[in-house]
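Number 314 in the UniProt record's numbering belongs to position 314 of the sequence shown; there are no gaps in the numbering.
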Amino acid sequence: MTGGGHSTRRQIVAGIAALATAAGARSAVRAPKGDLPNILWIVSEDNNPFIGAYGDPLAHTPAIDRLANEGILYRNVYSNAPVCAPSRFGILTGVYPESCGPAHHMRARAHLPGFIRTYPELMRDAGYFCSNNAKTDYNCDVESDTIWSAQGAQAHWRDRPEGAPFMSVFNMMTTHESRLFNPVAGRVTPSDIRVPTHLPDTSEIRQDYATYYNLMEQMDAQVGRLLDALEADGLADDTIVFYYSDNGGSLPRSKRYCYDEGLRCALVVRVPPKFAHLSPHRSATVVDTAVSFIDLAPTVLSLAGQRAPATMQGSAFLGKRRVPSKSFAFGMRNRMDERYDFVRTVTEGRYRYIRNYAPHRPCGQHQAFAWLAKGYQSYERAFLVGQCSSKQRRFFEPRPAEEFYDLKNDPDQVENLAARSEYKNRMRGMSRALDAHMLAIHDNGFIPEGMSVEGYEASRVAGAYPLKNIMALAADAAQGDPANADRFGKLLSHPDAVMRYWAATGLLIIGSTATPAAALVQSAMAADPCPQVRIAAAEAATHLGFGEEGVRTLAGLLDASQSDAVRLQAINGLTFCAPVLARQVLSQISAAKSDPYLFVRSCALYLEAKLTDRYQPSMPIFELDRLGKQSNIEG
Numbered sequence: 001m002t003g004g005g006h007s008t009r010r011q012i013v014a015g016i017a018a019l020a021t022a023a024g025a026r027s028a029v030r031a032p033k034g035d036l037p038n039i040l041w042i043v044s045e046d047n048n049p050f051i052g053a054y055g056d057p058l059a060h061t062p063a064i065d066r067l068a069n070e071g072i073l074y075r076n077v078y079s080n081a082p083v084c085a086p087s088r089f090g091i092l093t094g095v096y097p098e099s100c101g102p103a104h105h106m107r108a109r110a111h112l113p114g115f116i117r118t119y120p121e122l123m124r125d126a127g128y129f130c131s132n133n134a135k136t137d138y139n140c141d142v143e144s145d146t147i148w149s150a151q152g153a154q155a156h157w158r159d160r161p162e163g164a165p166f167m168s169v170f171n172m173m174t175t176h177e178s179r180l181f182n183p184v185a186g187r188v189t190p191s192d193i194r195v196p197t198h199l200p201d202t203s204e205i206r207q208d209y210a211t212y213y214n215l216m217e218q219m220d221a222q223v224g225r226l227l228d229a230l231e232a233d234g235l236a237d238d239t240i241v242f243y244y245s246d247n248g249g250s251l252p253r254s255k256r257y258c259y260d261e262g263l264r265c266a267l268v269v270r271v272p273p274k275f276a277h278l279s280p281h282r283s284a285t286v287v288d289t290a291v292s293f294i295d296l297a298p299t300v301l302s303l304a305g306q307r308a309p310a311t312m313q314g315s316a317f318l319g320k321r322r323v324p325s326k327s328f329a330f331g332m333r334n335r336m337d338e339r340y341d342f343v344r345t346v347t348e349g350r351y352r353y354i355r356n357y358a359p360h361r362p363c364g365q366h367q368a369f370a371w372l373a374k375g376y377q378s379y380e381r382a383f384l385v386g387q388c389s390s391k392q393r394r395f396f397e398p399r400p401a402e403e404f405y406d407l408k409n410d411p412d413q414v415e416n417l418a419a420r421s422e423y424k425n426r427m428r429g430m431s432r433a434l435d436a437h438m439l440a441i442h443d444n445g446f447i448p449e450g451m452s453v454e455g456y457e458a459s460r461v462a463g464a465y466p467l468k469n470i471m472a473l474a475a476d477a478a479q480g481d482p483a484n485a486d487r488f489g490k491l492l493s494h495p496d497a498v499m500r501y502w503a504a505t506g507l508l509i510i511g512s513t514a515t516p517a518a519a520l521v522q523s524a525m526a527a528d529p530c531p532q533v534r535i536a537a538a539e540a541a542t543h544l545g546f547g548e549e550g551v552r553t554l555a556g557l558l559d560a561s562q563s564d565a566v567r568l569q570a571i572n573g574l575t576f577c578a579p580v581l582a583r584q585v586l587s588q589i590s591a592a593k594s595d596p597y598l599f600v601r602s603c604a605l606y607l608e609a610k611l612t613d614r615y616q617p618s619m620p621i622f623e624l625d626r627l628g629k630q631s632n633i634e635g
């Protein structure tokens, strides 16, 4: 695995220890002179607003509750990706990760063009001392040590030059997904939990929820200690404090998924009286309009009196350059570790519209790291033995192309209203807003990972990426309409490789009724110059009478001469082929357990177990012994 400027696991653990002793770490530095506020960001990992101030009756979060009472609570706040690395890319740069492929994939290394500057660099230009303690995980090739004044487990506002304003970030791993892997006792017990409608009521899921609440209480105490340290240093009256979580929660169907529990976060901001003019809201105010994390970088620059560069795609909601509230918050999902998907979504706080560009894939594709949680294991076990309701089974089944939920009346998002006539106009309006957004940010998500046109600069070369045409084709492909088979077949000879890819994907989604294009699919599988197109065509071919040829083609693309992305796409294709066909290339699948790319190995371990009838949801697919060698694999 690679990653630009990623912290190691040891640094993260050390950072948590440093937070716990913050109040006594160094001697205090006097408050800055002048009119610039200090800014403190306190960031927790992987949590929804399981917080008393947000109305959660089980939560015990007195520090955050107090912060909310003294500041502004934003009720409808969303990360732009339901997992940390793409989300942090957007926070760092003010650029949507899907604008700069492959930053929209979880665990990637996008190239950040030199003309895109990060917010700490810009804040340093404005005279700020900028410290980050300690997580980076930015999903791109930025060098973290060069953008921060101080970076690492000991980085602190107390290291700044005397009189300099500071921008300090503290990241807390206490609520991270990985902390669910072992039960945590505390105030909340499994019997206290209301299990959401979309999940089966298992003891393991109840325990994961109880652990989550107890970890939230521990994290809240860390927030309190940081606030106490700020107060002890005499800086509270000079510092604007943000508390937020980096993405949604880590319970089943939350982190990595485009439902509210994957994207909805907490955000509380305390603005001291001397800087009240920088906020449109008084203390103890609740704001209901949608806020998106893409707005954090422009906001912090605005608080410093700086104009955000044109590359930043968000807008400030505080400070001298704040703008009126936006109507929508946008989110996305693409590859999550070893599994490919493609989802785009938009909400305004009351309704959520979801568009699935890969509806033939289930939401709940097995992921080696996520399945270390016993809640996921028990969920899949319940599904396999037929103990899930129809609403609970949906996680493991193919999806509709569109979903639409009323978040007020259906907070668990189990009643898809997309086909209901009374919601047609509202859904159409949100769909159009999503289309306009994707075009405006030049969404790279339609480009198969590893293709040459992927990237901020490459995708913007004139004629290289005809996004409007590709979006129209992909939308048709997702519908799975057999009437499009002939048209998709003809598009397999299109000069643009991304268009050919979506034509092949459309035929794959149509499945066995795409017979009018069968011969063209066979030809594309054998001869297309783009391996990503051959992969989609080969999987489609397995439904059209060319099963043996299809799996042999996919297995051949596991060859070491192919890129990591191509090998991963090939083994994902094999994973969804009929077992009777995939077993014909079992030797190649087994050999892939030694692939140099961790995610290919994970897929191979899983697929071999499935094809040899040895798979159990509790199997340790993830390579725990390699965890220390993988940079920020936890996410």
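Yeah, the Cβ is synthetic: ideal placement off N, Cα and C, and Gly gets one too.
Assign W148 to one of three DSSP states: helix, strand, or coil.
For the purposes of this step, residue 148 is taken as residue 148 along the sequence shown, with counting starting at 1. The answer is coil: DSSP assigns W148 none of H, G, I, E or B.
With a cut-off of 8 Å, do at least 3 Cβ pairs link the region 170-187 to the region 140-149?
The region 170-187 is not in contact with the region 140-149.
Hey, how far is the Cα of R361 from the Cα of M219?
On the sequence shown, position 361 is the one that residue 361 refers to. On the sequence shown, position 219 is the one that residue 219 refers to. Approximately 36 Å between the Cα atoms of the pair.
Would you mind giving the Cβ-Cβ distance between S79 and G349, rounded to the nearest angstrom? I have them listed as a contact below 8 Å.
For the purposes of this step, residue 79 is identified with residue 79 of the sequence shown, where counting begins at 1. For the purposes of this step, residue 349 is identified with residue 349 of the sequence shown, where counting begins at 1. The pair is not a contact, with the Cβ atoms about 15 Å apart (cut-off 8 Å).
If you drop the 5 nearest sequence neighbours on each side, which residues of the same chain put their C-beta closer than 8 Å to that of R460?
Residue mapping note: residue 460 aligns to position 460 of the sequence shown, counting from 1. Excluding residues within five positions, the ones whose Cβ falls inside 8 Å are H442.
Going by the beta-carbon positions, is the gap between P82 and G90 smaller than 8 Å?
The sequence position of residue 82 within the sequence shown is 82, counting from 1. The sequence position of residue 90 within the sequence shown is 90, counting from 1. Contact flag unset, no.
If we count the other Cβ atoms within 10 Å of its Cβ and call it buried at 16 or more, is L598 buried or exposed?
On the sequence shown, residue 598 is found 598 positions in, with the first residue counted as 1. Classification of L598: buried, given that the 10 Å Cβ count is 16 or more.
With DSSP run on the structure shown, which of helix, strand or coil describes T553?
Residue 553 sits at position 553 when you count from the first residue of the sequence shown. If DSSP states are grouped into helix, strand and coil, T553 belongs with the helices.
Per DSSP, which residues does Y243 bridge with? Please list them.
Here residue 243 is taken as the residue at index 243 of the sequence shown, counted from 1. I42, V268, per the DSSP bridge assignment.
Pick helix, strand or coil for Y405, following the three-state DSSP scheme.
For the purposes of this step, residue 405 is taken as residue 405 along the sequence shown, with counting starting at 1. Reduced to three states, the DSSP call for Y405 is strand.
Counting C-beta neighbours from all protein chains within 10 Å, is the total for H277 16 or more, i.e. buried, or is it exposed?
What you label residue 277 is simply residue 277 of the sequence shown in a count that begins at 1. So H277 ends up on the exposed side.
Which runs of the alpha helix (DSSP H), 4 residues or longer, sit entirely within the region 559-596?
The qualifying runs are 564-575, 579-582, 586-591.
What does the Cβ neighbour count give for Q616, buried or exposed, with the cut at 16 atoms within 10 Å?
Walking along the sequence shown from the start, residue 616 turns up at place 616. Classification for Q616: exposed.
How would you label K408, buried or exposed, when you count the other beta carbons within 10 angstroms and need 16 or more for buried?
For the purposes of this step, residue 408 is taken as the residue at position 408 of the sequence shown. With fewer than 16 other Cβ atoms within 10 Å, it is exposed.
How far does the alpha helix (DSSP H) with G489 in it reach, from first residue to last?
Within the sequence shown, the letter at position 489 stands for residue 489. Residues 485-491.
Do the region 314-334 and the region 297-304 make contact, defined as three or more Cβ pairs closer than 8 Å?
A contact exists between the region 314-334 and the region 297-304.
Let's see if you can read the secondary structure: which residues bound the alpha helix (DSSP H) around V223?
Start at 1 with the first residue of the sequence shown, and residue 223 comes out as number 223. Run containing V223: 203-232, per the alpha helix (DSSP H) assignment.
Output the boundary residues of the beta strand (DSSP E) element that contains Y78.
To locate residue 78, count along the sequence shown from 1; it is residue 78. Looking at the DSSP string, the run of the beta strand (DSSP E) that includes Y78 is 72-78.
Please check the pair N334 and H111, which I expect to be a contact at CB under 8 Å, by giving their CB distance rounded to whole angstroms.
As a working mapping, residue 334 is identified with position 334 in the sequence shown. As a working mapping, residue 111 is identified with position 111 in the sequence shown. The Cβ separation is near 17 Å, so there is no contact.
Would you mind working out which of L384, P200, C258 sits nearest Y353, comparing C-alpha positions?
Stepping through the sequence shown from its first residue, residue 353 is reached at position 353. Answer by Cα proximity: C258.
Taking the beta carbon of T93 as the centre, do at least 16 other beta carbons fall within 10 Å, making it buried, or is it exposed?
Counting from one through the sequence shown, the residue named residue 93 turns up at place 93. With 16 or more Cβ atoms within 10 Å of its Cβ, T93 is classed as buried.
Please go through the same chain and pick out, in chain order, the residues whose beta-carbon is closer than 7 Å to the beta-carbon of T21, but skip the five residues on each side of it.
Start at 1 with the first residue of the sequence shown, and residue 21 comes out as number 21. At T21 the pLDDT is 37, less than 50, meaning the model places this residue with poor confidence and gives no usable figure here.
Relative to the alpha-carbon of D159, which residue among T146, N132, E415 has its alpha-carbon at the smallest distance?
In the sequence shown, residue 159 corresponds to position 159, counting from 1. The option with the nearest alpha carbon to D159 is N132.
In whole angstroms, what separates the C-alpha of Y376 from that of D564?
Here residue 376 is taken as the residue at index 376 of the sequence shown, counted from 1. Here residue 564 is taken as the residue at index 564 of the sequence shown, counted from 1. Taking the straight line joining both Cα atoms gives about 27 Å.
Report yes if the C-beta distance between S99 and Q313 is below 8 Å; otherwise report no.
Against the sequence shown, residue 99 aligns to sequence position 99. Against the sequence shown, residue 313 aligns to sequence position 313. Yes.
Out of Q588, T542, S191, point me to the one whose CA is closest to F576's CA.
Within the sequence shown, numbered from 1, the residue matching residue 576 stands at position 576. With distances taken between Cα atoms, F576 lies closest to T542.
Please classify M312: does DSSP put it in a helix, a strand, or coil?
The count along the sequence shown starts at 1 and reaches residue 312 at position 312. Correct three-state label for M312: coil.
CA-CA distance, G445 and N76?
Taking the sequence shown and counting its residues from 1, one reaches residue 445 at position 445. Taking the sequence shown and counting its residues from 1, one reaches residue 76 at position 76. So the two alpha carbons sit approximately 25 Å from each other.
Just to check my reading of the structure: A477 and T505 have Cβ atoms closer than 8 Å, yes? What is that Cβ distance to the nearest angstrom?
Position 477 of the sequence shown holds residue 477. Position 505 of the sequence shown holds residue 505. Right, their Cβ atoms sit about 5 Å apart.
Alpha helix (DSSP H) containing F383: first to last residue?
The residue labelled residue 383 in the question sits at position 383 within the sequence shown. Unbroken alpha helix (DSSP H) run through F383: 374-384.
Kindly give me the distance between the Cβ atoms of residue 701 and M430, rounded to whole angstroms, as I take these residues to be in contact under 8 Å.
Outside the displayed span of the chain (1 to 635) sits residue 701, for which this structure offers no information.
Taking C-alpha atoms, which residue in F330, I470, L235 lies nearest to V95?
As a first step, residue 95 must be located in the sequence shown, where it is residue number 95. For the residues F330, I470, L235, the minimum Cα distance to V95 belongs to F330.
Give me the Cβ distance between L180 and Y213, rounded to the nearest whole Å; I'm assuming they're in contact under 8 Å.
For the purposes of this step, residue 180 is taken as residue 180 along the sequence shown, with counting starting at 1. For the purposes of this step, residue 213 is taken as residue 213 along the sequence shown, with counting starting at 1. Not really, about 11 Å apart at Cβ, beyond 8 Å.
Leaving aside the five residues before and after E454 along the sequence, list all residues of the same chain whose C-beta is less than 7 Å from its C-beta, in chain order.
For the purposes of this step, residue 454 is identified with residue 454 of the sequence shown, where counting begins at 1. Within the same chain, E454 has close Cβ partners G101, P102, N444, I447.
Output needed for R583: all residues of its chain with C-beta closer than 7 Å, excluding positions within five of it in sequence on either side, in chain order.
Numbered from its first residue, the sequence shown carries residue 583 at position 583. Closer than 7 Å at Cβ, skipping near neighbours: L611.
Report yes or no: do three or more beta-carbon pairs, one from the region 555-564 and one from the region 529-543, lie closer than 8 Å?
With a cut-off of 8 Å, the region 529-543 and the region 555-564 count as touching, because enough Cβ pairs lie within range.
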